[in-house]
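Structure first, commentary second.
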Amino acid sequence: MSLTCAEIAEAFPEYRFVKDLGDGTFKVACLIEDDGEQKVLKVSKAAIEGPDANLPERLRREIEAMKQVNCENIARVLAGPDVRKVAGEDRVFYIERFYSGGTLDKRLDSPWASEEVVALLRGLLLAVKALEDAGIVHRDIKPENIVFDEDGKPVLLDLGIAYYKDLSSITEPFGDSPKTARWAAPELFAVRSTVVIDSRTDLFGVGLVCFEAATGGVHPFNPDEPEHYMERLNTGHIDTQPLSAASVPQPLADVLARLLQGAPNRRYRKVDAALTASEAF
Amino acid sequence: MASFWVQHGYGKSDKITRLYNAGLLGGVLLSPADEEQPALQATRESASDVDVLLDPQTYVYSIPGGTARCHEAHGLDIPNLNWGMPASEVEAVVQAVIDANNRLGVTDLIAPTCVQRSLNDVWTSLALQMARTTLNVVNGQRRVFVSSVVEESALADWQDVANWLDVATGLDADGFYLIVDRVTQGSYPAMWNPSHLTNLLRLVYSLSQLNEYEVLAGYSDIEGILQVAAGASGSAAGWFYSLRAFSDSKWQPSSGGRQANPRAFSAGLLTPLLAVGEGEQVARSELGADAYPDEAVRTALSSNPEGWSLVDAASHHLGALAMIVNDVAQQSPISARLDAVETQLTDAHGRLGTLEQQGVPFSGAYGQRLETFRRALDAFRELESI
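Chains W and V are the protein sequences, given in the same order. Going by this note's numbering, the first sequence opens with residue 1, and the numbers climb by one from there. Going by this note's numbering, the second sequence opens with residue 1, and the numbers climb by one from there.
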């Protein structure tokens, strides 16, 4: 299943390859230049059965969702999906807009100013609102999946494990949800058939990454101390000391605490309500 | 805008009109069990500029032996209600409720429901399905209140309530109409288990304050004051005891009971005292004006308690309760409402103690009931950090 950017470059001679952007579970991403504009070419690691085969369902949904949601805080698909022979096998590829500001995980070495946190919060809430309107739950909001455009606006990437309320589930209902454990809401750890997954799950993710930005990378529930981690997560008991140490204004701290509540019913019911709360400061 | 609602039922006479004329009425919850369409239509029109909702009472058919006299006339008799109903039958129930509302000219809907003995039993999924189906059929064209009738014991474990809330707060409704099925068959007024009442207040708070639904507390008596303090937009009570506390037995065949002794609700004691004996002694006492601020009531009770009829008792109870509910609802924020109710409970308990010391022979249940309210309120405030 290994695939390199060099192999991808060989299969796409029409583009100039700038650099390898790394690989995830399902795809390899390369920065390319096309007519003088930088873009991101993503190629699936898994091969498909011939150029006319159906796209893998998860990938098809991801690309459809990105095309369907029109929000400047959600990554835009510029071309694709299509199929090309890469490294001797047929693979799906598509092209996204390149966001030059880098990812959030590279910006967490010191606490952000509260205006910057508020801008991040609002941008991510607008992204989650657009997804909510489309019946999509991202489920994987984490610093690596947040990039910034040239104006510093946050953009949410990678709908690879999103949940589509109006489509049948791909995953086993008696298993837990796909997730990145360190940034996952508590309900994503539970058996899927016993919990509600909706936009409130993404609100938790927004709260978590904004907490990290506000505190310079401190996780509100300390997953590095695994004992009682789930209990801390379920009760929504956050350590507020890092917020105080970073001089986060109380109204902003209150909104973050609300987003990070363990039970979905204690977060904001609708993304609009969180947006309204974020306008108060 | 008043927050007190009348829980309509049999034998309304002029009770709704009196509250309406006194400016104490926030709305009327119509009972299709008690009046056929023309009469119910007239009731609906008697309070023309207050909110009106039709309680479709489909829950009756999830109570063993449950029947309702006039449901057939409204197309609301649903003897086949069961937890295994297919989606098409659920949709038919929803349509019957919408049709009944349309015939009465009621625009905002209360969704049909069933009685839930717990918050995770087989009926829970039917209740949620009825709510979702109503929301789908209405599709945003009318305001919808999800109705939820839960047995008091379902409130025993907060985690069960919280799990239910996670699902219920995913409903895109405008409000919730909450009814607690009080299984207690004791004497009026029935005692609450304080932890159940605490969880009810937390439920109301979560729905109304955290999730911004309108919450209407149905079949509520004095505990309705606490629910409004916790964030409910309204609480409803009626003239009979069976309209102030929901019970399965109201809907089951019975041979009838003994006629109740008339009571006179004391706003200052937050207690419905027996008119003869308790009420008359209190009215004559030095705390009479605190217990019964209305001089005409004091005079009636102290001069001729035997003349205090059940009709007087019902009208006075509703008026006095409405005034307290409406006053509490005027307070903002929620902490101010809670402070106001705490003060009333403390004052009432103190007066009750003073009157007992002066020789008024109260039932011990009165003081216990006030203590229960206070304990529930204190626990609620602590758990919600309000």
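From the three backbone atoms N, C-alpha and C, an ideal C-beta is built for every residue, glycine too.
Distance from the CA of V/E35 to the CA of V/K12, rounded to the nearest whole angstrom, comes to 10 Å. With a threshold of 7 Å between beta carbons, V/N211 makes contact with chain W. Under DSSP, W/K39 forms a beta bridge with W/I32, W/R97. Cβ neighbours of V/T134 within its own chain (closer than 6 Å, five residues either side excluded): V94, A111, V144.
A distance of 7 Å or more separates the beta carbons of V/L155 and V/F380.
Across the set W/R58, W/N222, W/Q68, the C-alpha of W/Q68 shows the shortest separation from the C-alpha of W/R76. Contact of W/A11 with chain V is not assigned, every C-beta pair being separated by 7 Å or more. Interface with chain V (7 Å Cβ-Cβ cutoff): W/V196 is included. Legend: CB atoms of the region 213-228 of chain W lying less than 8 Å from CB atoms of chain V are not found in any residue. By the criterion of a C-beta distance shorter than 7 Å, W/F98 is surrounded in its chain by L31, Q38, K39, V40, once the five residues flanking it on both sides are discounted. As the crow flies, the alpha-carbon of W/P220 is around 10 Å from that of W/Q241. Taking the Cβ atoms as the reference, W/R266 lies roughly 20 Å from V/S195, outside the contact range of under 8 Å. Going by beta carbons, W/N73 and W/A113 fall outside the 7 Å limit.
The beta-carbon separation of V/A173 and V/Y213, rounded to 7 Å, stays under the 8 Å limit for a contact. Three or more beta-carbon pairs drawn from the region 156-164 of chain W and the region 122-138 of chain W are found closer than 8 Å, and the two stretches are therefore classed as touching.
W/I146: member of the beta strand (DSSP E) spanning 146-148, first to last residue. In the three-state scheme derived from DSSP, where H, G and I count as helix and E and B as strand, W/Q261 is classed as coil. Close to chain W, meaning a Cβ-Cβ distance shorter than 8 Å, is no residue of the region 117-139 of chain V at all. Under the DSSP assignment, V/Q37 falls in the alpha helix (DSSP H) whose first and last residues are 37-46. Only those residues of the region 245-273 of chain W whose C-beta falls short of 7 Å from the nearest C-beta of chain V are listed: A263, P264, N265, R266, R269, A273. Contact between V/P32 and V/L76 holds: their C-beta atoms lie close to 5 Å from each other, under 8 Å. Counting C-beta atoms within 10 angstroms of its own C-beta, V/N139 has fewer than 16 neighbours from the protein chains shown and is therefore classed as exposed.
Only exposed fits V/P79, as fewer than 16 other CB atoms lie within 10 angstroms of its CB. Secondary structure at V/T271: strand, using DSSP grouped into helix, strand and coil. At least one C-beta of chain W is nearer than 7 Å to the C-beta of V/G170. Residue-level contact by beta carbon holds for V/S206 and chain W, with a gap shorter than 7 Å. With contacts defined as CB atoms closer than 7 Å, W/L108 and W/E212 qualify as a contacting pair. V/Q7: member of the beta strand (DSSP E) spanning 4-7, first to last residue.
Within the same chain, and ignoring the five residues on either side of V/T169 in sequence, the residues whose Cβ sits closer than 6 Å to its Cβ are N211.
Within the same chain, V328, R337, L338, V341 come within 6 Å of V/A229 by CB-CB distance, once the 5 residues on both sides are set aside.
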